[in-house]
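Numbering (my numbering), first residue to last: 9 to 258. Note that beta-carbon positions come from the ideal geometry of N, C-alpha and C, so glycine has one too. These notes are about the structure you will find just below.
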């Protein structure tokens, strides 16, 4: 069972956050984060074709409904990590900044080995931002492959608390657009990765963030990857789908 360590006031706001942890110590002594706010509200109609979900009249808000759903799937599978949910991520990580101003930040610093965000597009990306923790990279890659990103709640917490952090794929694509898609196949693949990595490992030693400033040129030094759908080699490391597959999406 879980205990709520910090919770929002009754009235929801962009500064709201929730921190919960198992009542007894477990091997999963790390924080999973996701955010509950979305760019788009619930669309009036959702279409599903071959495991690909989209909203007919707007984006479906799988950024980050998919991450929240993955947390519950991880709990259903029997893992018991620490959990942090945030509001206000889409407007600047307001909820995670509010947590840093509370006693919840001290609890994470004392009890958490590292922070894993579930708020990344695609199927098997791991974004470390400017965290250079070799232990966390070795733990996650493979099956995940390193990619680039800007910010999310796990980065805000990790850099402030000097804890290693990474953001993992949860299956959405084209987020923040009316053409947003959710690939259930990608979501299940990432969930499978997480369960395989963490089910029989831990407890973990605390891992420092080991921050460094990444030169922009390093982005283009990354190895080329394959289209997640058809397997064609891509020349741009930021892409997940080739042009043909992108144009054929519903």
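Measure from the alpha carbon of residue i to the alpha carbon of each residue in the options, then state which is nearest.
i: residue 182; options: 161, 89, 191; result: 191
i: residue 173; options: 179, 180, 163; result: 163
i: residue 93; options: 100, 138, 72; result: 72
i: residue 9; options: 115, 211, 84, 171; result: 84
i: residue 53; options: 60, 151, 65; result: 65
i: residue 180; options: 205, 170, 58, 194; result: 194
i: residue 29; options: 76, 87, 17; result: 87
i: residue 217; options: 200, 184, 178, 165; result: 165
i: residue 177; options: 15, 79, 33, 117; result: 79
i: residue 156; options: 138, 126, 142; result: 138
i: residue 125; options: 144, 110, 48, 115; result: 144
i: residue 196; options: 75, 62, 37; result: 75
i: residue 211; options: 110, 14, 119, 112; result: 119
i: residue 108; options: 142, 23, 214; result: 23
i: residue 132; options: 205, 117, 213; result: 205
i: residue 142; options: 31, 68, 215; result: 215
i: residue 70; options: 11, 151, 127, 140; result: 127
So residue i packs on residue j, CB below 8 Å; how close in whole Å?
i: residue 129; j: residue 46; result: Going by Cβ atoms, the distance from residue 129 to residue 46 rounds to 14 Å, so no, they are not a contact pair.
i: residue 39; j: residue 89; result: 7 Å
i: residue 60; j: residue 189; result: 6 Å
i: residue 43; j: residue 103; result: 7 Å
i: residue 25; j: residue 17; result: Residue 25 to residue 17, Cβ: 11 Å. No contact.
i: residue 199; j: residue 122; result: So it is not a contact: roughly 19 Å between Cβ atoms.
Taking only beta-carbon atoms, is residue i less than 8 Å away from chain D?
i: residue 78; result: As a matter of chain content, chain D is missing from the structure shown, which is built from one protein chain.
On the DSSP letters alone, give me the boundaries of the beta strand (DSSP E) that residue i sits inside.
i: residue 262; result: In the structure as shown, the chain begins at 9 and stops at 258. Residue 262 is therefore absent and cannot be evaluated.
i: residue 176; result: 173-177
i: residue 69; result: Here residue 69 belongs to no beta strand (DSSP E), and DSSP marks it neither H nor E.
i: residue 32; result: Unbroken run through residue 32: none, as it is neither H nor E.
Classify residue i as helix, strand or coil using the three-state DSSP reduction.
i: residue 95; result: coil
i: residue 218; result: coil
i: residue 232; result: Residue confidence is low: residue 232 scores 49 on pLDDT, short of 50, so the model does not pin down where it sits. No coordinate-derived value is stated.
i: residue 38; result: coil
i: residue 62; result: strand
i: residue 125; result: strand
i: residue 44; result: coil
i: residue 106; result: helix
Output the boundary residues of the alpha helix (DSSP H) element that contains residue i.
i: residue 55; result: It is not in any alpha helix (DSSP H) - residue 55 instead sits in the beta strand (DSSP E) that spans 54-57.
i: residue 119; result: 112-119
i: residue 168; result: 161-169
i: residue 87; result: Careful: residue 87 lies outside any alpha helix (DSSP H) and carries neither H nor E.
i: residue 206; result: 192-206
Using the rule of at least 16 other Cβ atoms within 10 Å of the residue's Cβ for burial, across every protein chain shown, is residue i buried or exposed?
i: residue 20; result: exposed
i: residue 106; result: buried
i: residue 175; result: buried
i: residue 160; result: buried
i: residue 158; result: exposed
i: residue 208; result: exposed
i: residue 82; result: buried
i: residue 37; result: buried
i: residue 110; result: exposed
i: residue 185; result: exposed
i: residue 202; result: buried
i: residue 62; result: buried
i: residue 229; result: In this prediction, residue 229 scores a pLDDT of 46, lower than 50, which makes its location untrustworthy; the coordinate-derived value is nonetheless stated afterwards. By the neighbour-count rule (16 or more Cβ atoms within 10 Å), residue 229 is not buried but exposed.
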